[in-house]
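One structure is given below, encoded as structure tokens.
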Amino acid sequence: MNYDILKDSPLNNHYDFVYLANDHKEVFERFDSAFAAHQAFKVAEYDESELRLFAVWAQMRLSLGWDGGHDHDERRLDVIREVIGHLPEVPKAVVTQLWSAANGLMTWRHTNYAELYRLPLAATARLPYHERRVVLNSLPRWFAQYWKPAWEVLREPLEALLTEPEAGDPGATVRNIMWEDDAFATRMIADHATRLTAPEVLPLLRHWTTATASRPSARWTRRATELLTPQAAELIKDILGQVIAHREVTLRYPIRDGEWTETVFLRERTAVPLRGMVWTCELIDKPWVTALLGDVAVATGTGIGGSGANARSEMLANAAIGVLARRGGLEVVAQLARVQAKVRKKTILAGVTKTLDAVAEQSGLSPEQLLERTVPAFGLGTDGTRTEHGLRLALDGVVGFVDPSGKIRKTIPKAVREEHKELLAELKATAKEIKKVLPAERFRIERALAAERIWRWSEVCEYYLDHPVTGSMGRTLIWEILQGPAGRPVLVDGTWELTDPAGRRIQPDSDTPVLLWHPISHSMEEVRAWRDHLMEYGLRQPFKQAFREVYLLTPAEEETLDHSRRFTGHLLRYGQAKALLTGRGWTGMSLGHWGWEYGSDQAEATKELPGGLVAHWGFHLDEGSFERDDLGTVSICVSGDLHFTDAGGRRVPLAEVAPLTLSEALRDADLAVGVTSTGLDPEGDGEYWQSYGFGDLTETARIRRDALTRLLPRLAIADRCTIADRFLRVRGDLRTYKIHLGSGNVLMEPNDAYLCIVPRRGSGDPVFLPFEEDGGMLSIVLSKAFLLAADTAITDPSITHQIRP
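So the number in my numbering is just where the residue sits in the sequence shown, counting from 1, plus 381.
This is the structure:
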């Protein structure tokens, strides 16, 4: 297009500062022609839709060209004034266009700010207050920081636009102080506006909005101390409790080529006063404070959806950890351990490590010793239960009832609930805390296994066998005397001893060094003996130990020298793979379609390992991802090579990596493939799906086969099942089926026709499993086996029409 009226202007040809649809541009051309012909504009004759476009056109016609200037043509100013006189209610999208056009001209040295912003200010004044704040957003701050001459002119009218008449409305008072900038602020104002504006709290609310630094100054804290009241303390407890339960919201905006989405947890104007509340917790001496800060740190420190290497609100997570650090003492350690187990943002974890190191130094302990000495007992007995007035709290987080006969019941009688209401509430609150602590402890103990940590036997007894929480895990694990025998803990006459699968017992001295047994250091005969032992006694371990996969250096890896291609070329469900790896301590896996030219199609997940090594695993997007994802969120990624570097960044030959370190890193990779591969899709197809879904077994799948070998004799369908290489073969009455032990996919004899079964949670007979397997494939294989062994009883038509075509 050619606009004579805007010759040599930054707005020439394509309206740089606003987005216009093609049909709108045709209307603009008509306006241009009329104005150039000096025709009179009768604004009142336009309908509302055209008048809104006319307003944008009039704003853009204030252009004085590339060099800017101060003196606008009076005809154009008259048009602006006439538009203002007839302006209807304008959608905030149009108001945003007016501001964009005015700001664009202002940055091109148009200096008559009063005239330049007359129309945007008038249009904004026609919006409700919450929409005014959405439109203006960070503009006041932008003007104040970067365009001070314009700010001097616009400051008063902008403040007037944003100041809502309060007239006894508590919500308006709060909105004037902190705005209603996101979903959480909306809820907070709706729920707590009256309390926030009470005389005992309002001055502190204003003070909270000044929490803009990374940590509170002494002056800030003194003022908070002066303003803190009991009412404010209770309000902090309630509001931060809502932060813990709050989840991100996805917002959608139309753009030139479709739709732009934004995921919002908290905007800055909401997060800043919330940080002020967190800082104020340092001044509150109440028993709920420490646990609340731990909850805030975990909830805001984890990524979108509760996982990932980023944080929902790093600002709040760091604030909570900072307050825990300044409170100090052993009571904060359990909360920091939860953060370590859940959060993956490196900057947040650095703060946790620093705090733990400081508390450990004060206590004369190592950080590991500090963590194990501060695991809460929750008032539980060594058996992991607590019973009062018939109410029973168990380590699994269930509050039940013990009747007079001693039988445990899930349903609590109404009379007991009413008589012991406060006790019941306390037990339920404690049950929630137990559920938070158990995953953190399981994570910590498994990390100790991978790091070959050494304890004295007296420490193991006190902190891992007698403890009501960690004891539930430690008593099912295998412990090994350093350079000596291994055994499972057994209590004999009040003393813990180690017993091996053959029944041989040894009683270690209190100072005897011990570590957690790992199969990589032992013969297959010993490993088999321990696996048989777990099955015989029905012992479920908190994580794979006896059945743990071992990854030794292969001839192919000896040839590649410094990298492994063992898990290269797999198609993985990106979001699931990222979440799984993040949960196991890997960071940096970030892929997207935002800029392939900048490398957004490639990423490298890394994990810090014992001995100062770092594991690196590459990922990339395949060529078909553009079409598959339609430039939206990445759905599938491709795995690459895995290598290691030392503290200096040097690539380390695989032969120089400690066998246990190598094995554990490759185990993470195998787990990611085994849980997130697209080859697991029951309705998949293609070359990769075929090769993975029915191909050779990985180490994880071979462990699954080993477990099934031991399980089969115990099953009711044992006479119908046999294991052959990669498959569990199941004989039904109609056909014989082969279930692949890696993918769970099913083939039907005699022609190996594929049988699609979409697994349902909870299906199949309950069967004891010797470990809690990530991904649950062992359970899926067993549930399909039970289903197909009784194929004549299947009624699901999606299955029967495949079996009986």
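Glycine is no exception: its CB is placed at the ideal position from the N, C-alpha and C atoms. The structure displayed is predicted, hence computed values, not measured ones.
Beyond the five residues adjoining it in sequence on each side, W975 comes within less than 8 Å, by CB distance, of S981 in the same chain, given in chain order. Rounded to the nearest whole angstrom, the CA to CA distance from P894 to P991 is 20 Å. In this structure, DSSP gives F1149 a state outside helix and strand, which the three-state scheme calls coil.
The beta carbon of L586 sits closer than 8 Å to the beta carbons of V555, I558, M559, L577, T578 and P654 from its chain, once the five residues preceding and following it are set aside; these are given in chain order. From the listed residues M854, T876, V873 and V476, the smallest Cα separation to L920 is found for M854. DSSP places I862 inside the beta strand (DSSP E), whose first and last residues are W860 to I862. In this structure V677 is not in contact with A715, their Cβ atoms being roughly 15 Å apart against a cut-off of 8 Å. For V724, there is no enclosing beta strand (DSSP E), as DSSP marks it with neither H nor E. Per DSSP, E496 is one residue of the alpha helix (DSSP H) stretching across Y494 to L497. Here I1104 carries a strand assignment [DSSP, helix/strand/coil]. Between the alpha carbons of V1015 and V1148 lies a distance of about 37 Å. Ranked by Cα distance from W669, the options T651, L705 and A690 are led by L705. In this structure, the straight-line span from the alpha carbon of A421 to that of E545 is close to 38 Å. L443 is a Cβ neighbour of L486, given a cutoff of 9 Å.
Judged by DSSP secondary structure, E989 falls within the beta strand (DSSP E) whose first and last residues are Q983 to E989. Secondary structure of F948 (DSSP, three-state): coil.
Look at G709 here: in three-state DSSP terms it is coil, with no helix or strand label. Fewer than three pairs of CB atoms, one per stretch, sit closer than 8 Å, so the stretch 724-737 makes no contact with the stretch 814-830. The Cβ atoms of C662 and L673 lie closer than 9 Å to each other. A direct Cα-to-Cα measurement between P1178 and Y1118 gives close to 18 Å. At a cut-off of 4 residues, the continuous stretches assigned as alpha helix (DSSP H) that sit fully inside the stretch 835-861 are 838-841 and 852-855. Look at D1087 here: in three-state DSSP terms it is helix.
Leaving aside the five residues that flank F412 on each side, the residues in its chain whose CB is nearer than 7 Å to its CB run, in chain order, F435 and W438.
Here DSSP, grouped into helix, strand and coil, assigns V1056 to helix. Where K1119 is concerned, the enclosing beta strand (DSSP E) starts and stops at T1117 to H1121. Annotation: the continuous beta strand (DSSP E) that includes P870 extends over A867 to V873.
Contact annotation: the stretch 926-943 touches the stretch 1083-1096, with at least three C-beta pairs closer than 8 Å. Taking 9 Å as the cut-off, the beta carbon of F948 is found no closer than this to the beta carbon of A1039.
Just so you know, the alpha carbons of S1058 and P900 end up roughly 26 Å apart. R648 sits in coil when the DSSP states are folded into three classes, being neither helix nor strand. Buried is the label assigned to D1051, since at least 16 other Cβ atoms lie within 10 Å of its Cβ.
Look at E663 here: in three-state DSSP terms it is helix.
Nearest to T766 by alpha-carbon distance, out of W967, H848 and R633, is H848. With a minimum length of 3 residues, the unbroken runs of beta strand (DSSP E) contained wholly in the stretch 963-1029 fall at 983-989, 995-1001 and 1017-1026. Boundaries of the alpha helix (DSSP H) around P748: P748 to R754. R912 and L819 have their C-alpha atoms some 24 Å from each other.
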